[in-house]
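Add 2 to a position in the sequence shown, counting from 1, and you land on the number used in my numbering.
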Amino acid sequence: MRITLKDGSVKEYEGSRSALDIAKDISEGLARAATSAKVNGDIVDLRKEISEDCELELLTFDSEDGKGAFWHTTSHIMAQAVKRLYPETKLAIGPSIDNGFYYDLDRETPFVAEDLEKIETEMKKIVKENLSIERFTKSREDAIAYFKENGEPYKVELVEDLPVGEEISFYRQGELGLFMMHEAGPGFPFFLPKGMVLKNTLMEYWRELHKRNGYVEIATPIILSRHLWENSGHWDHYKDNMYTTVIDEEDFAVKPMNCPGGMLVYKSEPRSYKDLPLRAGEIGLVHRHEKSGALHGLFRVRCFNQDDAHIFMMPEQIRDEIKGVARLIDEVYSLFGFKYHVELSTRPEDSMGSDEDWEMATEGLRGALDDLGLDYVVNEGDGAFYGPKIDFHLEDSIGRTWQCGTIQLDMQMPQRFDLEYTGADGEKHRPIMIHRVAFGSIERFIGILIEHFAGAFPTWLAPVQVKVLPISEKHLDYGKKVLKELEAAGIRAEIDERAEKIGYKIREAQMNKIPYMLVVGAKEEEQELVAVRSRFAGDEGQKGISEFIEAVKEEIASKTQREIVKED
3 MRITLKDGSV
13 KEYEGSRSAL
23 DIAKDISEGL
33 ARAATSAKVN
43 GDIVDLRKEI
53 SEDCELELLT
63 FDSEDGKGAF
73 WHTTSHIMAQ
83 AVKRLYPETK
93 LAIGPSIDNG
103 FYYDLDRETP
113 FVAEDLEKIE
123 TEMKKIVKEN
133 LSIERFTKSR
143 EDAIAYFKEN
153 GEPYKVELVE
163 DLPVGEEISF
173 YRQGELGLFM
183 MHEAGPGFPF
193 FLPKGMVLKN
203 TLMEYWRELH
213 KRNGYVEIAT
223 PIILSRHLWE
233 NSGHWDHYKD
243 NMYTTVIDEE
253 DFAVKPMNCP
263 GGMLVYKSEP
273 RSYKDLPLRA
283 GEIGLVHRHE
293 KSGALHGLFR
303 VRCFNQDDAH
313 IFMMPEQIRD
323 EIKGVARLID
333 EVYSLFGFKY
343 HVELSTRPED
353 SMGSDEDWEM
363 ATEGLRGALD
373 DLGLDYVVNE
383 GDGAFYGPKI
393 DFHLEDSIGR
403 TWQCGTIQLD
413 MQMPQRFDLE
423 YTGADGEKHR
433 PIMIHRVAFG
443 SIERFIGILI
453 EHFAGAFPTW
463 LAPVQVKVLP
473 ISEKHLDYGK
483 KVLKELEAAG
493 IRAEIDERAE
503 KIGYKIREAQ
513 MNKIPYMLVV
523 GAKEEEQELV
533 AVRSRFAGDE
543 GQKGISEFIE
553 AVKEEIASKT
563 QREIVKED
């Protein structure tokens, strides 16, 4: 393929190239400055794949066309910032104009000056994240279905005004190939291979943490009889959010939570005071019917894995168990670098149980918080219908708060399910129960982590921990040998086998937020070394393969988060 540039020079390539790749091939400075391109006189996006001989002009902000492209991109950045901060906002159009850009937005609460400052700050953060932008297309019909699924009515109207058969361009910013949504399952996320690595790593950590803290793991069915949900009280209080079905002429419901199944597990055999406290954890898949307009990425979905645990105990064990859960949740949030604040939520109007039960439960939670010396605020009337609760609101890297962890004390459900244990006196007694989660929804927690780390996960959590980058095809065999040693050591690694320049491979690995890049060429092969580049410190020099592996294994095992070394 022959590319003729505006200055008359010629570039020749095998296979297709995007305009941006060609700009990078010419110079890094041009690649950073370019905003769009002209191919045979037609303005195109920099990600436009070029596969035939053509004349190419790379545009910058200095030209009117380049300025318009820059402002158009900025309008999309603004829309992304608004959706991050105010997910309920509906988007209309956001083009560039003669002297800047704008976006039509629909929000129930009008924007005020303070909102504009927050949006500007968020836009600056998005720019610093240096997110990759992927261009893809959908048919008119698929685009309409996509926007309906995502609760964007104005986008639906805009697409419906386009001709039948029109192909529509979309841009995906910062996705990292972790998950996807599809109109075949509105609100039901698909996890891609790298996303499953991330999800499984989080669940492995959850299992290790809970085993260390004396929990057993259980699994309960996804579909259970309506009679069970009537018994638990969920049918009266939650049925509008439940999916139902009929099996053998009997009503069943897809579980929106794991609690009733946990009751049946406790009741499956006689229990003694010597068995208590019994801590049973479950990463259960639950389904809840959310309105289509409320769906938002991984933050609001219709099915998710909830990291529940139910603790069955005697009254005298309440404080110690609550303190143990609070310490566990603190360990989780501290590991990821989250700050958090605590709220104690009391009895709502729509509730079950006696005043005495609620008073005892509320004071149990309050006493545990006081014993731990945790600051908290009281949120009157916001408890669950079966008991008061402690909520943990974590703060991410840009100051947004998310309610994830919760501890709920429940004396109603053990009564409804007639749970018992034999006390030291030989008599039957009713256990008290704690419902608690640390992550909350694992899917939502992943969404929070993506934004908290801007996709640059700590090495222990990163889907790909090391990328091997052979300088040329001649060094591919040595690169594969390095890859085998990494994999044998349990390190998640990939190799870039493409016949691309090493600078291109490094840039792409950096864009994909890979913690470590190992460059291998003739010098490294001769001495059995690797040239280490990291996301944290840049060029770290040559190291022996074993030396590098041991250092990374230690970093992974300790779940250390390396600091970014800033250049002077």
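Just so you know, even glycine gets a beta-carbon here, dropped at the ideal spot from N, CA and C.
In this structure, the straight-line span from the alpha carbon of Ala553 to that of Leu211 is close to 23 Å. Taking the CA atoms as reference points, Val46 sits about 26 Å from Leu107. The way I'd put it, the region 431 to 439 does touch the region 410 to 423; three or more beta-carbon pairs between them come closer than 8 Å. Setting aside the 5 residues that flank it on each side, Arg302 is surrounded in the same chain by Glu292 and Ala296, each with a C-beta closer than 7 Å to its C-beta; the list follows chain order. Each of Ala255, Glu162, Val218 and Asp253 was checked against the Cα of Leu280, and the nearest Cα belongs to Val218. The shortest CA-to-CA distance from Glu422 to any of Gly457, Phe387 and Phe314 is the one to Phe314. Buried is the label assigned to Ala363, since at least 16 other Cβ atoms lie within 10 Å of its Cβ. Shortest Cα-Cα distance from Gly505 to any of Ser11, Asp427 and Leu520 involves Leu520. Around the beta-carbon of Gly540, fewer than 16 other beta-carbon atoms lie within 10 Å, marking it exposed. Given a length threshold of 4 residues, each whole run of the alpha helix (DSSP H) inside the region 338 to 422 is given here in chain order: 357 to 374 and 415 to 418. CA-to-CA, the gap between Leu531 and Glu284 works out to about 45 Å. Remark: C-beta atoms of Leu178 and Gly449 do not approach each other more closely than 7 Å. Counting C-beta pairs closer than 8 Å gives fewer than three between the region 123 to 130 and the region 138 to 147, which falls short of the contact rule. Approximately 7 Å separates the beta-carbon atoms of Pro262 and Leu226; this is inside 8 Å, confirming the contact. Contact between Ala39 and Leu32 does not hold, since their C-beta atoms are separated by about 11 Å, which reaches or exceeds 8 Å. In this structure, the straight-line span from the alpha carbon of Gly235 to that of His312 is close to 17 Å.
Here Leu287 has Ile224, Cys305 and Asn307 as same chain residues with Cβ atoms under 7 Å from its own Cβ, once five neighbours each way along the sequence are excluded. Looking at the DSSP output, Gly264 bridges to nothing. Judged by beta-carbon spacing, Ile497 lies beyond the 7 Å limit of Val466, meaning their Cβ atoms are not closer than that value.
Tyr506: member of the alpha helix (DSSP H) spanning Ile504 to Met513, first to last residue. In terms of Cα proximity to Gln82, the closest of Ile99, Tyr104 and Asn202 is Tyr104.
Per DSSP, reduced to three states, the secondary structure at Glu565 is coil, with no helix or strand assignment. Excluding sequence positions up to five before and after Lys269, its CB lies within less than 7 Å of the CB of Phe419 and Leu421, all in the same chain and listed in chain order. According to the DSSP assignment, Val161 belongs to the alpha helix (DSSP H) that extends over Pro155 to Glu162. Taking every protein chain shown into account, the CB of Gly96 has 16 or more other CB atoms within 10 angstroms, so this residue is buried. Here Ala328 really is in contact with Leu376; their C-beta atoms are around 7 Å apart, less than 8 Å.
With contact defined as three or more Cβ pairs closer than 8 Å, the region 270 to 279 and the region 160 to 171 are not in contact. In the DSSP assignment, Pro472 is bridged to Val522.
Contiguous beta strand (DSSP E) elements confined to the region 526 to 554 occur at 531 to 536 and 540 to 546, taking only those with 3 or more residues. Judged by their CB atoms, Glu445 and Leu300 are nearer to each other than the 7 Å cut-off. In the DSSP assignment, His229 falls within the alpha helix (DSSP H) that extends over Arg228 to Ser234. Ranked by how close their Cα comes to the Cα of Ser20, the residues Arg509, Gly369, Glu51 and Thr424 have Glu51 in first place. Per DSSP, Met244 lies in no beta strand (DSSP E) and is assigned neither H nor E. From the listed residues Val334, Leu204 and Glu556, the smallest Cα separation to Tyr342 is found for Val334.
In this structure His454 does not touch Asp352 by the C-beta definition: roughly 34 Å separates them, more than the 8 Å allowed.
Between the C-alpha atoms of Ala524 and Gly546 there is a straight-line separation of about 15 Å.
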